[in-house]
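Reading through the structure tokens given below for one structure.
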Amino acid sequence: LSLPLIIVARIAFGPELNWYNGLRSWLPVILLTISLLLLATETTRLDWPKWIQKITRKKLGNDSRLAGFFAATIFFLLAGLYGWAVFELPVDSPVGMPSPSLLLPSLAGLFGIANLLDIYATTSHLPPQRENWDLPPVKPLIAPCFWSAVAGASMGVLPGMTASQATVLVMGGRNVAAKVQGKEGYGMDWETRRLTELSDDELLEIAIAEAEGGHEGPQTKQDLEVIAILSAVNTAVTVMVLGFLYIIGRSRSGATLALKMMYPIETWNSTEPTADFIRLLAVCLAAGIMAMPIMKIVGKGMLRLHAAIPLQSMVMGVIIFVAALVWLSTGFVGIGVLIVGTILGMMPPRIGIRRSHGMGIILVPIMIYTFAQMADNFGFI
65 LSLPLIIVAR
75 IAFGPELNWY
85 NGLRSWLPVI
95 LLTISLLLLA
105 TETTRLDWPK
115 WIQKITRKKL
125 GNDSRLAGFF
135 AATIFFLLAG
145 LYGWAVFELP
155 VDSPVGMPSP
165 SLLLPSLAGL
175 FGIANLLDIY
185 ATTSHLPPQR
195 ENWDLPPVKP
205 LIAPCFWSAV
215 AGASMGVLPG
225 MTASQATVLV
235 MGGRNVAAKV
245 QGKEGYGMDW
255 ETRRLTELSD
265 DELLEIAIAE
275 AEGGHEGPQT
285 KQDLEVIAIL
295 SAVNTAVTVM
305 VLGFLYIIGR
315 SRSGATLALK
325 MMYPIETWNS
335 TEPTADFIRL
345 LAVCLAAGIM
355 AMPIMKIVGK
365 GMLRLHAAIP
375 LQSMVMGVII
385 FVAALVWLST
395 GFVGIGVLIV
405 GTILGMMPPR
415 IGIRRSHGMG
425 IILVPIMIYT
435 FAQMADNFGF
445 I
């Protein structure tokens, strides 16, 4: 599905129409609009603080979606200020590694270590896993996967946008479309869908019963659909960021940035694509085709590995490995950034909001910089 979109992107952003130059002037507005839209899809309902209820004489009340929106917005801005401060810090590798960057410890703490610590503290072992499982029906996923590819392609040209945010938009649109048709809807809070009436032990019992009974509950089916849509978005983003690297010469992911640093990129200016782009695109397509059969084989092996190694030991081993990698690349400054990012990353599940709002760590600094460029009419910046 992404291949036709590459042709469309080449015509739109290539030398024929050259939309990218016009897009750059609107970039901060577009990023702000998408960020507000993502925050607006936060469906978590929270109680307003008592001091606010006292000031407003309890007019705002409890179980408010507006309170959830404000909580997500505050976390988004807090992550952005954290990113702004981190990117201004000087850093050196204690072992002389080239080009040290604090992006690794900040993102590892915000999205990686925080999640691993939650797993370590709340889960002592994995529930029984079934090696034989079926994929969800293909027909209901054709339209969502197509729009996932479109959303992923759109996000590919924008800095700071990821597959997670594209998936939230697709799931939100799918929910709105279902409600317009008079259906129940799928819910837009799939990422942190909480069964608040159930304890952890009850949730574990449900998972064990489903695994032993050989049937899938509605939550499991929805999770499989989300995984399928997220996979479609990731594939589209992978292909499109590679395309935009050769169309506009800009990297939009770590992999394309590494490619750009390894050798000069020959921009796709003529009718025929460059040989390097064709080779890399063929590798991406081959990887996508082979991923499913390989995943089924490797996945079963990973299930056996998880059964052989205690979960908490595995989690702690990963945490130690990441911390060691951070120290080797950025030293004790990176360790400090990792700790702060971890504390920040542990906030969303405790508040009840989506962790993807933490992408404000990249989006807010980009918007600050681009809005400053727009406001600088005299060229001081």
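Per my numbering, the very first residue in the sequence shown carries number 65; after that it's consecutive. By construction, the Cβ of each residue, glycine as well, lies at the ideal position given by its N, Cα and C atoms.
Nearest by alpha-carbon distance to residue i: which of the options is it?
{"i": "Gly-147", "options": "Ala-436, Asp-111, Thr-434, Val-428", "result": "Val-428"}
{"i": "Thr-108", "options": "Val-386, Met-359, Arg-419", "result": "Arg-419"}
{"i": "Val-297", "options": "Leu-205, Leu-153, Val-401", "result": "Leu-205"}
{"i": "Pro-162", "options": "Pro-328, Ser-170, Ser-295, Ala-322", "result": "Ala-322"}
{"i": "Ile-425", "options": "Leu-91, Lys-114, Leu-142, Leu-100", "result": "Leu-142"}
{"i": "Ala-36", "options": "Gly-405, Pro-208, Ala-185", "result": "Here the chain comprises residues numbered 65 to 445, so residue 36 is not present and cannot be evaluated."}
{"i": "Thr-186", "options": "Ala-436, Leu-408, Leu-392, Gln-376", "result": "Gln-376"}
{"i": "Leu-480", "options": "Ala-388, Ile-430, Phe-435", "result": "Residue 480 is absent from the model: the chain starts at 65 and stops at 445."}
{"i": "Gly-398", "options": "Leu-181, Gly-409, Leu-153", "result": "Leu-153"}
{"i": "Gln-437", "options": "Ile-293, Met-304, Pro-92", "result": "Pro-92"}
{"i": "Ser-157", "options": "Pro-413, Thr-137, Ser-393, Ile-415", "result": "Ser-393"}
{"i": "Leu-100", "options": "Gly-173, Arg-74, Phe-139, Leu-171", "result": "Phe-139"}
{"i": "Leu-174", "options": "Thr-434, Gly-416, Pro-412, Ile-432", "result": "Pro-412"}
{"i": "Ala-372", "options": "Leu-81, Phe-151, Ile-361, Leu-190", "result": "Leu-190"}
{"i": "Ile-291", "options": "Glu-336, Phe-151, Met-431, Val-202", "result": "Val-202"}
{"i": "Tyr-327", "options": "Gly-363, Thr-406, Ile-403, Asp-340", "result": "Asp-340"}
{"i": "Phe-134", "options": "Ile-415, Met-431, Ile-430, Ile-432", "result": "Ile-415"}
{"i": "Val-404", "options": "Leu-145, Ser-188, Leu-87, Gly-86", "result": "Leu-145"}
{"i": "Thr-24", "options": "Ala-355, Lys-360, Ser-295, Ile-358", "result": "Only positions 65 to 445 of the chain appear in the structure, and residue 24 is not among them; the question remains open."}
Going by the DSSP bridge assignment, what does residue i pair with across the sheet?
{"i": "Ser-128", "result": "Leu-110"}
By the 10 Å Cβ neighbour count, where 16 or more other Cβ atoms means buried, how is residue i classified, buried or exposed?
{"i": "Trp-211", "result": "buried"}
{"i": "Phe-396", "result": "exposed"}
{"i": "Tyr-310", "result": "buried"}
{"i": "Trp-254", "result": "Here Trp-254 scores only 40 on pLDDT, less than 50, and its place in the model is too uncertain to base an answer on."}
{"i": "Thr-120", "result": "exposed"}
{"i": "Pro-164", "result": "buried"}
{"i": "Arg-258", "result": "Residue confidence for Arg-258 is low, a pLDDT of 44 falling below 50, so the modelled location carries little weight and cannot support an answer."}
{"i": "Trp-332", "result": "buried"}
{"i": "Met-219", "result": "buried"}
{"i": "Gln-229", "result": "buried"}
{"i": "Glu-106", "result": "buried"}
{"i": "Ile-71", "result": "exposed"}
{"i": "Leu-171", "result": "buried"}
{"i": "Pro-79", "result": "exposed"}
{"i": "Ile-315", "result": "At residue 315 the sequence reads Ser, which differs from the Ile that was named. Ser-315 is buried by the Cβ-count criterion."}
{"i": "Ala-350", "result": "exposed"}
{"i": "Leu-103", "result": "buried"}
{"i": "Leu-95", "result": "buried"}
{"i": "Ile-98", "result": "buried"}
{"i": "Leu-81", "result": "exposed"}
{"i": "Gly-443", "result": "Low confidence applies to Gly-443: its pLDDT is 48, below 50, so where it sits in the model is not reliable, and the reading given next is rough at best. That one is exposed."}
{"i": "Met-366", "result": "exposed"}
{"i": "Gly-160", "result": "exposed"}
{"i": "Gly-381", "result": "exposed"}
{"i": "Leu-369", "result": "exposed"}
{"i": "Met-431", "result": "buried"}
{"i": "Gly-236", "result": "buried"}
Report whether the distance from the Cβ of residue i to the nearest heavy atom of the ligand FAD is below 7 Å.
{"i": "Ala-346", "result": "This structure lacks the ligand FAD, and indeed carries no ligand of any kind."}
If the criterion is Cβ atoms closer than 8 Å, does the pair residue i and residue j meet it?
{"i": "Leu-214", "j": "Leu-69", "result": "Note that residue 214 corresponds to Val in the displayed sequence, not to Leu. Yes."}
{"i": "Val-401", "j": "Leu-166", "result": "yes"}
{"i": "Met-423", "j": "Gly-176", "result": "no"}
{"i": "Ile-183", "j": "Val-390", "result": "no"}
{"i": "Leu-110", "j": "Gln-117", "result": "no"}
{"i": "Thr-320", "j": "Val-305", "result": "yes"}
{"i": "Ile-293", "j": "Val-232", "result": "no"}
{"i": "Ala-73", "j": "Phe-308", "result": "yes"}
{"i": "Ser-128", "j": "Trp-112", "result": "yes"}
{"i": "Ile-312", "j": "Tyr-84", "result": "yes"}
{"i": "Ile-417", "j": "Ala-136", "result": "yes"}
{"i": "Gly-409", "j": "Ala-178", "result": "yes"}
{"i": "Ala-217", "j": "Ser-317", "result": "no"}
{"i": "Thr-434", "j": "Leu-181", "result": "no"}
What are the uninterrupted segments assigned as alpha helix (DSSP H) that are 4 or more residues long and contained completely in the region 295-360, given in chain order? 318-326
Every unbroken alpha helix (DSSP H) inside the region 400-436 [4 residues or more]: 411-415
Ordered list of alpha helix (DSSP H) runs contained in the region 164-219, each at least 4 residues: 167-171, 178-186
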